[in-house]
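Peer 1:
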Amino acid sequence: MSKKYTHQALVDAVASDMDSKAASIAFKVPASTIRQQHREPTLSIRADRISYLNSDEESHFVSLMHLLPEYGFDATKNIVLQLAAEYFGSLEFTTQPGSKWLNSFVKRHFDDIIWKKQEKLERARAEAVTEQNPSGWFKTLKDVLIKHDLFDKPNQIFNADESGFSDKTKGQWVIVNSSCRHAFESNGGTGKDYRTAFICIAPGGQ
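Per the UniProt record's numbering, the sequence shown starts with residue 1, numbered consecutively.
(1) Should Tyr-71 go down as buried or exposed, given a rule of 16 or more other Cβ atoms within 10 Å for buried?
(2) Tell me whether Asp-161 sits in a helix, a strand or coil according to DSSP, three-state version.
(3) What span of residues does the beta strand (DSSP E) with Val-176 cover, start to end?
(4) If you drop the 5 nearest sequence neighbours on each side, which residues of the same chain put their C-beta closer than 8 Å to that of Ser-99?
(5) So is Val-29 buried or exposed if we call it buried at 16+ other beta carbons inside 10 Å?
(6) Please report the residue range of the alpha helix (DSSP H) in which Asn-78 lies.
(7) For the putative contact between Lys-116 and Val-174, defined by C-beta atoms under 8 Å, what is the C-beta separation to the nearest angstrom?
(8) Look up Lys-116 in the DSSP assignment and say whether it is helix, strand or coil.
(9) To the nearest angstrom, how far is it from the Cα of Ala-23 to the Cα of Phe-93?
(10) Thr-33 by DSSP, collapsed to three states: which one?
(11) With 8 Å as the threshold, decide whether the Cβ of Arg-35 is near any Cβ in chain C.
(12) If we ignore side chains and look at the alpha-carbon of each, how far apart do Gln-8 and Glu-86 end up?
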């Protein structure tokens with residue numbers, strides 16, 4: 001049976017005196033969903049899904065997802081599901097959260113958390129990347145351009161950059177703050193697993 005059904009249909013199916021099979025046919029809601037609600041009357045009924053946690057409990061778990069990266073932990077699928085299982089246990093739920101629940105949870109809170117694929121970065125660089133570093137670089141650049149009157153002299157400005165490309169390209173999917181643009185995986189290497197390109201160019205095109 002299709003998983004598309006209205007919120008009211010689910011409410012009516014659960015509240016009816018019919019058995020799950022009859023209610024499934026009458027209200028076009030999966031019988032397993034109706035039986036699950038009967039087994040776990042504390043579940044919150046929502047459109048097209050059942051959420052095991054109420055709003056406050058979900059907000060608490062979202063906050064935990066925000067804290068993990070701040071303390072150096074990657075919020076991978078396995079880690080988050082393990083934490084969710086422990087959280088469910090503390091709330092005395094008998095149901096174990098799985099991949100479908102986790103994906104639905106992230107979708108419900110897309111304003112706060114999202115899935116992001118990690119980019120490889122050796123530990124030395126990962127620890128050096130802070131918000132202050134790029135901001136300080138641009139401030140220094142502006143000061144130099146002003147000091148030497150270079151804003152209208154693109155052929156006298158040269159930018160050299162060294163870029164590293166990791167041999168280990170497979171990154172994990174992790175949950176991060178929705179405002180996060182990049183998720184870096186610190187692989188603990190020395191940089192020897194990288195191929196390096198050194199490029200120098202001027203705004204004038206040289």
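No residue lacks a Cβ here, since even glycine has one placed at the ideal position from N, Cα and C.
Peer 2: Concretely, from the data shown:
(1) Exposed is the call here.
(2) strand
(3) 173-177
(4) Lys-77 and Leu-81
(5) It is buried - the Cβ of Val-29 has at least 16 other Cβ atoms within 10 Å.
(6) Start and end: 77-90.
(7) 6 Å
(8) In the three-state reduction of the DSSP assignment, Lys-116 falls in the strand class, which pools E and B.
(9) 25 Å
(10) helix
(11) No chain C appears in the structure shown, which is made up of a single protein chain.
(12) 32 Å
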